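Report on one structure; see the data block that follows.
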Amino acid sequence: MTSSEKNNNRTRSEPFTHFINKMDRLFSERPPKGMLQSLDEFFGSTKERGFPVDIQESNSEYILTATLPGIARNQISIDVLTQAVTISARQPEKPHKQHGPHGMFQKDGTTGSMSRTITFQKPIDDAHVTARHRDGILTLHLPKIRGNRIEIN
1 MTSSEKNNNR TRSEPFTHFI NKMDRLFSER PPKGMLQSLD EFFGSTKERG FPVDIQESNS
61 EYILTATLPG IARNQISIDV LTQAVTISAR QPEKPHKQHG PHGMFQKDGT TGSMSRTITF
121 QKPIDDAHVT ARHRDGILTL HLPKIRGNRI EIN
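The sequence shown: position 73 = 73 (full-length UniProt numbering), numbered continuously.
Spelled out as structure tokens, the structure:
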């Protein structure tokens, strides 16, 4: 192989090497806060939509407030994992009647769904999580699990 062929091969492989290095860095570093949720929303179904969530943190717990207007308590599902919470809501749309050129017809409603997964930096004590729903506002109190502090001798 001549030196010009080697230079050509090296020039062609540089973008690929740059791409591989970027991918290695992406998977070896800790993801930015909210990145996984953004990816979930990006790749989610077009029928699913999110809802606003506010998170406050104290030394002992996370307080999560989700705004779910028009959603009844029995339409909400909450799944608590070690370091994440998934809130899902299904809202059946009411069927409606319309007058058409050939008389009245009824169009069945479709079911709308919303889902958000929120990740936390500290583990959650799932046995002591409390939830409250009032006037379209869902409030979760998520106590943190405290580890044992070890003294160094």
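For every residue, glycine included, the Cβ atom is placed at its ideal position computed from N, Cα and C.
This structure is a prediction, so every number in the text was calculated from the model and none was measured.
Membership of Ser-77 in the beta strand (DSSP E) is indicated by the continuous run 76 to 80. Boundaries of the beta strand (DSSP E) around Ala-131: 130 to 134. Look at Arg-116 here: in three-state DSSP terms it is strand.
Secondary structure at Pro-69: coil, using DSSP grouped into helix, strand and coil. Between the C-alpha atoms of Tyr-62 and Val-53 there is a straight-line separation of about 12 angstroms. Within the DSSP secondary-structure output, Ser-88 pairs in a beta bridge with Ser-77 and Ser-115. For Thr-139, the closest C-alpha among the options Arg-149, Arg-146, Arg-25 and Thr-67 is that of Thr-67. Pro-123 and Ala-84 have their C-alpha atoms some 8 angstroms from each other. At the C-beta level, His-133 and Pro-143 stay beyond 9 angstroms of one another.
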